[in-house]
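What follows is one structure encoded as structure tokens, with my remarks underneath.
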DNA sequence: CACCGAACTTACGCAGCAGTAAGATGAGGG
DNA sequence: CCCTCATCTTACTGCTGCGTAAGTTCGGTG
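Chains as they are written, first to last, in the UniProt record's numbering: chain A, 1 to 215; chain B, 1 to 215.
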């Protein structure tokens, strides 16, 4: 039960780029564990086995350090999502792949998803914008697929995508926090099925329908 | 364009309970606008037309003040949700009512929903627990309905409920932030339809199904 | 009308933490 | 072997903002 990252080798000098990578890793751990506000620059430096001014030789301030991480992981999520949707032409498979991508993102990379989904700095415009932009880009990727294969209006497709992304994000986060009760695979499949049942064949039913009542 | 709340009557003495209510209202405005961290006790006091120590005669500290508001609005949401689900026996109607309740909650009460859904204090256990508890209670209300009318297993029903609540929360928040593009009514209906198509008749299809591919 | 207690004020202590001089240290080239 | 420059350290400053000590005003009651 020692520190998970390298506080190892306290007192070794590192070339610039290597040190920078390590500082980012240390910062991620601390920001994820404590959130932005409770994270102290001293602790980040400590965890990297280095003193505070070194941190300031690599990043102009706490905010920029945080934004670098946020940017990196936001991009990673969108990219994962894009790959998932391009991985197949079958829309049923696309839904599965898309949810899998969300769950993978949440399950991976030292819980970095908390920076993107649970930032305690959303009141800062720069952060809010980045978060929302990421969310929207994911939704837009899905919206494009929906529009492409249906006659749903742009506006409706957009809102439906938002709802689906919200569903993915929420269930993935919940699943991770209550690990152990359900394997990732089962959780993904279940939620993907819910989503697929929701959107598939949307064209065929129109606004007035009652759709039975079996629940 | 004066201050929306009562900084009016600076210098009037108020009986204890009345002052308390007013302080809570002032605090809500500031916490909603700035978030917990950026909210200053001085500003809250100012907005109530009073000096800081008065605040401390009503609440032991910033945190307790915040928790009082969080508690109040969390309870309101769960209650709204409970009423919605009890308002009818028709499950299709229940879904509509449930989403409507979410949208109403988000649309109402000076954006108090931001305290419950977008708190920048989630890293504090007390706050995290309250938020998650609220979320779970909403899901549980829905889960109970699902289980009651289907043969879905408890675990599956629970995860499905989580997904649905996530969908509601996300779409309601998104809808509010991008007001104007769609009327509340339309947004509610659209998302409710997505949800209903997702869960209704779940029993009839089983795990292996392909369910067509019309998108 | 004098007194009392609740409601309120000004003015400060104090702690945590981002960011910054100014100086030490060590690896590599001449 | 010594000079240089990048890397790193110790030790500080300054600010912001919560919480409080001590003193003031005003409505009501005997």
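From the three backbone atoms N, C-alpha and C, an ideal C-beta is built for every residue, glycine too.
Alpha carbon of residue i to alpha carbon of residue j, nearest angstrom
{"i": "residue 100 of chain A", "j": "residue 174 of chain A", "result": "14 Å"}
{"i": "residue 41 of chain B", "j": "residue 27 of chain B", "result": "8 Å"}
{"i": "residue 106 of chain B", "j": "residue 135 of chain B", "result": "14 Å"}
{"i": "residue 156 of chain B", "j": "residue 168 of chain B", "result": "18 Å"}
{"i": "residue 128 of chain A", "j": "residue 122 of chain A", "result": "5 Å"}
{"i": "residue 172 of chain B", "j": "residue 191 of chain A", "result": "20 Å"}
{"i": "residue 35 of chain B", "j": "residue 115 of chain B", "result": "8 Å"}
{"i": "residue 201 of chain B", "j": "residue 38 of chain A", "result": "47 Å"}
{"i": "residue 33 of chain B", "j": "residue 112 of chain B", "result": "10 Å"}
{"i": "residue 181 of chain B", "j": "residue 160 of chain A", "result": "14 Å"}
{"i": "residue 17 of chain A", "j": "residue 58 of chain A", "result": "9 Å"}
{"i": "residue 53 of chain B", "j": "residue 73 of chain B", "result": "25 Å"}
{"i": "residue 204 of chain A", "j": "residue 43 of chain A", "result": "58 Å"}
Nearest residue (CA-CA) to residue i, options the options
{"i": "residue 86 of chain B", "options": "B:75, B:98 and B:23", "result": "B:98"}
{"i": "residue 185 of chain A", "options": "A:195, A:69 and A:104", "result": "A:104"}
{"i": "residue 49 of chain A", "options": "A:88, A:12 and A:56", "result": "A:12"}
{"i": "residue 195 of chain A", "options": "A:52, A:205 and A:142", "result": "A:142"}
{"i": "residue 91 of chain B", "options": "B:128, B:118 and B:144", "result": "B:144"}
{"i": "residue 56 of chain B", "options": "B:19, B:89 and B:82", "result": "B:19"}
{"i": "residue 64 of chain B", "options": "B:201, B:31 and B:95", "result": "B:31"}
{"i": "residue 79 of chain B", "options": "B:17, B:163 and B:139", "result": "B:139"}
{"i": "residue 126 of chain B", "options": "B:109, B:67 and B:108", "result": "B:67"}
{"i": "residue 117 of chain B", "options": "B:153, B:61, B:166 and B:178", "result": "B:166"}
Within-8 Å CB hit, residue i to chain A
{"i": "residue 67 of chain B", "result": "no"}
{"i": "residue 179 of chain B", "result": "no"}
{"i": "residue 118 of chain B", "result": "yes"}
{"i": "residue 6 of chain B", "result": "Per-residue confidence for residue 6 of chain B stands at a pLDDT of 49, beneath the threshold of 50, marking its modelled position as unreliable; the derived number appears in the next sentence. It does not: the Cβ of residue 6 of chain B has no partner Cβ on chain A nearer than 8 Å."}
{"i": "residue 47 of chain B", "result": "no"}
{"i": "residue 85 of chain B", "result": "no"}
{"i": "residue 133 of chain B", "result": "no"}
{"i": "residue 140 of chain B", "result": "no"}
{"i": "residue 20 of chain B", "result": "no"}
Residue range of the unbroken alpha helix (DSSP H) whose run includes residue i
{"i": "residue 154 of chain B", "result": "154 to 177"}
{"i": "residue 45 of chain A", "result": "41 to 47"}
{"i": "residue 196 of chain B", "result": "184 to 199"}
{"i": "residue 91 of chain A", "result": "91 to 107"}
{"i": "residue 140 of chain A", "result": "125 to 149"}
{"i": "residue 27 of chain B", "result": "16 to 38"}
{"i": "residue 55 of chain A", "result": "52 to 58"}
{"i": "residue 258 of chain B", "result": "In this structure chain B extends from 1 to 215, so residue 258 of chain B is not present and cannot be described."}
{"i": "residue 67 of chain B", "result": "62 to 86"}
C-beta neighbour in chain B for residue i, strict 8 Å
{"i": "residue 197 of chain A", "result": "yes"}
{"i": "residue 110 of chain A", "result": "no"}
{"i": "residue 187 of chain A", "result": "yes"}
{"i": "residue 73 of chain A", "result": "no"}
{"i": "residue 102 of chain A", "result": "no"}
{"i": "residue 167 of chain A", "result": "yes"}
{"i": "residue 56 of chain A", "result": "no"}
{"i": "residue 44 of chain A", "result": "no"}
{"i": "residue 190 of chain A", "result": "yes"}
{"i": "residue 14 of chain A", "result": "no"}
{"i": "residue 70 of chain A", "result": "no"}
{"i": "residue 50 of chain A", "result": "no"}
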